[in-house]
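Below: the structure, in structure tokens.
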Amino acid sequence: MKNRIKKATTHTVQNEGLLFEVSRPGRTGYSLSQLDVPEQTEEMIERRLLRDDDLAGMPELSEVDVVRHFTRLSTWNYGVDTGMYPLGSCTMKYNPRLNERIARLDGFAGLHPLTPAPLAQGALEVIRRLEECLTRITGLHAVSLQPAAGAQGEMTGIMMIRQALADRGDPRKKVLIPDSAHGTNPASAIICGYTVHTVRSNAEGGTDLASLREMMTEDVAALMLTNPNTLGKFERNIEEVCRIVHQHGGMVYMDGANMNALVEVARPGDFGVDVMHLNLHKTFSTPHGGGGPGAGPVAARETLEPYLPFPRVVRSKDGSLTLDFDRPKSIGRVRAYFGNFGVLVRALGYILTHGDEGLREATEAAVVNANYIAHNLKDTYDIPYPGRVMHEVIFSDKRQARHGVKNADISKRLIDYGFYPPTMSFPLIVQGAIMVEPTETEGREELDLFIAAMKAINEEAAEDPEILRHAPHTTKVGRLDEVAAARKPVLRWQPEGRQK
Amino acid sequence: MLREVGCESIEELFEQIPEDLRLTEPVGIGPAIPEPDLIDYFRDLATRNRVDYLSFLGAGAYSHFIPVIIDSLISRSEFFTAYTPYQPELSQGTLQYIFEFQTMICQLTGMEVANASLYDGSSALGEAVLMASRLTRRDKFIIADTVHPQYREVVSTYTKNLGVEIEYAAHTEAGTVDIDSLRIDGQTAAVAVQSPNFFGCVEDLSAIADVAHAAGALLIVSITEPISLGLLKSPGACGADIVVGEGQSFGIPMSYGGPYLGLFATLEKYVRQVPGRLVGEAYDESGRRGFVLTLSTREQHIRREKATSNICTNQGLFALMATVYLATMGRRGIQEVARQNLQKAHYAASEISRLDGFSLRFGAPFFNEFVVRMPRPATVVTRALLDKKIISGVALECYYPDLKDSLLVCVTETAKKEAIDRLVAALAEQSDFE
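Here you go:
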């Protein structure tokens, strides 16, 4: 069998047990200052309120043990730094190291959240300036940086709509969501006390206007729309969509997950959107960290500004920045303190090092890259919604399925070729979806290797489908039995003998 | 490449966007700032944050020693430039440390299952309330007024549109929840308390669990200072049903309030109602052990509007920080750091309460925070001490209007004796009240 794998090769992978398995009684690796106050020996807390298990089971390791342990674990992972990570909808772009450096400055990392405002002017300025940048980028009036992630931003935005409608006399009952939307959209609307109703997509993947007109009644509070949508298409009728919703007294929430396709090219505020969130960990390059932390700022039009979470950063008469808690219409707090501040510092660093021109170039390159992949693979893989795309392209496994090969097999085989797999089986309206988002930080060479890998896998699907069905072949573990794992879940380590 | 994809111009590339919506001008960020200038800009901003002051702030965010190897290890880019471990074969590093994290959170809290983490302690408490409501099909909650005020505000935001009724329980003169006054009835889903509570006092969790359970209600325990678990009886051993907390103390910088780490643990019988991600053990065809995201049918990407929560991410990298912290400190280090916090806070408390006009506001046992009653309004005292470059604590008046004379002071292992003595001396100057 011909070896078509160009990017990757195999190498030695170290085994490593769980922390608890490598732990040795009596071993320590910590270092603390000596206690420098006179030790109080009488009972400070009643014995019955104290632990009696001597922390049995917690690991006992040396510093080298700990370093080796986590270093070995890291080699079983794949990150953006390893190579192209075309996880559609997640915008896995390069994370500039500069932003890691600035977020770690003592004045930021060591700052307590309850530091009096006059002693935290630098942090408040980071918040103010980032808010200003994001209002410019979205074309909306005001931004709150408090939401910890996109889903919390969605909840915040829909709550703001609810409160504004309630102030008008009726919070209404329903939220409309397209069938192509992220699962967080319906889940967030539910927390806000709404029922969720699905709007069908039309043949081009956009919102079906006839269906929207029919569903948009006086008891609909909002439409939650992702634009560009999860098929990588810009909603051509966005102005008309907003008009229909507004005519019936509803509001438009935009999921800004795909904002990487729009920065400096178009602004949601101009579309007619009322409130939206941004994902700083996607569009603005803060690291995804193996699943977080992110940040999900919310941007709103002027009429919704009073409903943003409190506190707000405002300028006081003497010119200094301060916190305003007197916000009677605010929906309240969605988390303690001011949001994921460390993420905010990184995002501001990204925006300022790019400037207008750099941000526009990033958007253009992201869109060119996605179209380049679409163009070069359109004869090999089915594209259910053909035509030009924005920042990502959705394929399906329709052609390969004839050989009994599913999208999961293609994705697992991509691992052997040296790539992280694309997003699979989403959006739900595409059978066998393979969602590819290259981002702007991939050069042509890496894109060509990816295209070559996808083509080679297509050939393998015809010649030797078994190699795909058992892929990956080069990783530390093969395909894991997820069904068995869910049937009898083992969610923690237990000492020998205590296992059920 | 543009031409290869069939476009003559960039404008053509964006032709899907109606022409009148396409920008013709930059949005107004300005020119790009080069790397050296950007570092200068942020350095300047950072110096305007006065971290050089002596600080005794706690109240949900704590200054603890952070072992150097944490930053070194989390800077492995295979960790921090990866995403959610959707493809387990290429994410075993992330999955294994989350499994280790879940295990250690179970061990520390005395609970049976822990999730892969939530955003922070406050939203974790919000999620706990929603989960208790699903489990009991009841909608009344009793929340101690000694739960962190900002956490209570978050819970009220999370629940405001869901028909949930919240009653706040008063505290006794000793500074802990007034158990006799808890009005638990057949509609009460859960009682939520914090221990050590916002005043630093250790709650009698077993006694609260007994009265809650007697009425068929659950006990939710919130922990903002998890270092206390190195010393205090675990909430699990006291009968808690859901334990949530803030994991910032486990090696995470204070960073002006975030990102932090929401801890969430409960009993095995409730696992299918848990919000957020869970990692479980799994095996491949050759019998090799690995780890996967599991029980995903609870989550929004599968269940959409029927999910247990809208949360998608966890705090992956920050769960790693906590895992490295706990592994480095280890069984003995966690006990030692807890002991030092207890000793130093008690030293400071006894020195302060010796001053004329100063006393401890509450009598209940405390861990590393305590409330001082002072001869002048606490806001006046804190302002006076700022002139000496000391942030003496949190004046409680803004959260508890009747506690005008009270200051919440936090002393961790990072406070040297000399620093504590400086605080005491500065407070002494406030005692001769003319």
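Line by line, the protein sequences give chains E and C.
Going by the working numbering, the letters in the first sequence line up with residues 1 to 500, in that order.
Going by the working numbering, the letters in the second sequence line up with residues 501 to 934, in that order.
Heads up, the beta-carbon is just placed ideally off N, CA and C, and yes, glycines get one too.
Among the options, nearest to residue i - alpha-carbon criterion
{"i": "C/S734", "options": "E/A56, E/I191, E/D106, E/I410", "result": "E/A56"}
{"i": "E/F450", "options": "E/Y372, E/A485, E/N95", "result": "E/Y372"}
{"i": "C/V654", "options": "E/M454, E/I429, E/P309", "result": "E/P309"}
{"i": "E/V143", "options": "E/I45, E/V64, E/R312, E/A117", "result": "E/R312"}
{"i": "E/S396", "options": "E/G432, E/E364, E/D416", "result": "E/G432"}
{"i": "E/G88", "options": "E/E100, E/V393, E/P96, E/D270", "result": "E/V393"}
{"i": "C/V702", "options": "C/V911, C/N868, C/D921, C/E519", "result": "C/N868"}
{"i": "E/R24", "options": "E/L32, E/R4, E/D65", "result": "E/D65"}
{"i": "E/R315", "options": "E/E125, E/A336, E/L278", "result": "E/E125"}
{"i": "E/R402", "options": "E/E459, E/H69, E/A299", "result": "E/E459"}
{"i": "C/F641", "options": "C/I720, C/I605, C/Y583, C/S796", "result": "C/I720"}
{"i": "C/H648", "options": "C/I517, C/A561, C/Q602, C/Q840", "result": "C/A561"}
{"i": "C/I574", "options": "C/F599, C/I752, C/V894", "result": "C/I752"}
{"i": "E/L114", "options": "C/I891, C/A915, C/M829", "result": "C/I891"}
{"i": "C/V691", "options": "C/Y658, C/T672, C/G739, C/T657", "result": "C/G739"}
{"i": "E/M251", "options": "E/L209, E/G157, E/S180", "result": "E/G157"}
Buried or exposed by the 16-neighbour rule on C-beta atoms within 10 Å, applied to residue i
{"i": "C/I802", "result": "exposed"}
{"i": "E/D274", "result": "buried"}
{"i": "C/E929", "result": "exposed"}
{"i": "E/K500", "result": "Reliability fails at E/K500, whose pLDDT of 46 lies under 50, so the model's placement of it is uncertain and no value is given."}
{"i": "C/E934", "result": "With a pLDDT of 48 at C/E934, under the threshold of 50, the modelled position of that residue is not reliable, and the figure given next carries that caveat. Label assigned to C/E934: exposed."}
{"i": "C/C898", "result": "exposed"}
{"i": "E/M84", "result": "buried"}
{"i": "C/V792", "result": "buried"}
{"i": "E/P38", "result": "exposed"}
{"i": "E/D464", "result": "exposed"}
{"i": "E/Q146", "result": "buried"}
{"i": "C/E799", "result": "buried"}
{"i": "E/G31", "result": "It should be noted that the sequence gives Ser, not Gly, for residue 31 of chain E. E/S31 is exposed by the Cβ-count criterion."}
{"i": "E/V13", "result": "exposed"}
{"i": "C/M501", "result": "exposed"}
{"i": "E/G319", "result": "exposed"}
{"i": "E/F325", "result": "exposed"}
Beta-carbon separation (whole angstroms), residue i vs residue j, contact threshold 8 Å
{"i": "C/Y760", "j": "C/E746", "result": "6 Å"}
{"i": "C/Y668", "j": "C/D685", "result": "So it is not a contact: roughly 16 Å between Cβ atoms."}
{"i": "C/R522", "j": "E/A261", "result": "Rounded, the Cβ-Cβ distance is 12 Å, inconsistent with contact."}
{"i": "C/M611", "j": "C/T766", "result": "6 Å"}
{"i": "E/H277", "j": "E/G294", "result": "At roughly 11 Å, the Cβ-Cβ gap does not stay under 8 Å, so E/H277 and E/G294 are not in contact."}
{"i": "E/L61", "j": "E/V22", "result": "7 Å"}
{"i": "E/L165", "j": "E/M215", "result": "Contact doesn't hold; Cβ gap of about 17 Å is too wide."}
{"i": "C/A878", "j": "C/A864", "result": "Their Cβ separation, rounded to whole angstroms, is 20 Å, which puts C/A878 and C/A864 out of contact at 8 Å."}
{"i": "C/L907", "j": "C/V871", "result": "7 Å"}
{"i": "C/G593", "j": "C/F580", "result": "The pair is not a contact, with the Cβ atoms about 11 Å apart (cut-off 8 Å)."}
{"i": "C/I643", "j": "C/Y825", "result": "Wrong, their Cβ atoms sit about 29 Å apart, outside the cutoff."}
Identified DSSP bridge partners for residue i
{"i": "E/V507", "result": "In the structure displayed, chain E extends from 1 to 500; residue 507 of chain E sits before or after that span and is not available."}
{"i": "C/H671", "result": "C/V677"}
{"i": "E/E382", "result": "Strictly speaking, residue 382 of chain E in this sequence is Asp, with Glu absent from that position. For E/D382, which the question treats as bridged, DSSP gives the partners E/S396."}
{"i": "C/G790", "result": "C/A782"}
{"i": "E/V199", "result": "E/P178"}
{"i": "E/D255", "result": "E/T226, E/H277"}
{"i": "C/E665", "result": "C/K640"}
{"i": "C/L718", "result": "C/A690"}
{"i": "C/L943", "result": "Nothing in the structure corresponds to residue 943 of chain C, since chain C is present only between 501 and 934."}
Distance cut-off 8 Å: residue i Cβ against heavy atoms of the ligand FAD
{"i": "E/E496", "result": "The model depicted lacks the ligand FAD and carries no ligand whatsoever."}
Every unbroken alpha helix (DSSP H) inside the segment 733-775 of chain C [4 residues or more]: 735-738
| Which runs of the alpha helix (DSSP H) fall wholly inside the segment 556-601 of chain C and span at least 4 residues, in chain order? | 568-574, 577-580
Can you list, in chain order, the stretches of the beta strand (DSSP E) that have 3 or more residues and sit fully within the segment 842-887 of chain C?
-> The DSSP assignment places 869-873 as complete runs of the beta strand (DSSP E) inside the segment 842-887 of chain C, in order along the chain (cut-off: 3 residues).
Every unbroken beta strand (DSSP E) inside the segment 307-356 of chain E [3 residues or more]: When DSSP assignments are scanned along the segment 307-356 of chain E, the uninterrupted stretches of beta strand (DSSP E) that are 3 or more residues long and fall wholly within it turn out to be 312-315, 321-324.
Checklist entry - Which whole runs of the beta strand (DSSP E) in the segment 407-493 of chain E are 3 residues long or more, in chain order? => result 433-436
Q) Fully enclosed by the segment 897-932 of chain C, which beta strand (DSSP E) runs are 3 residues long or longer? A) 906-910
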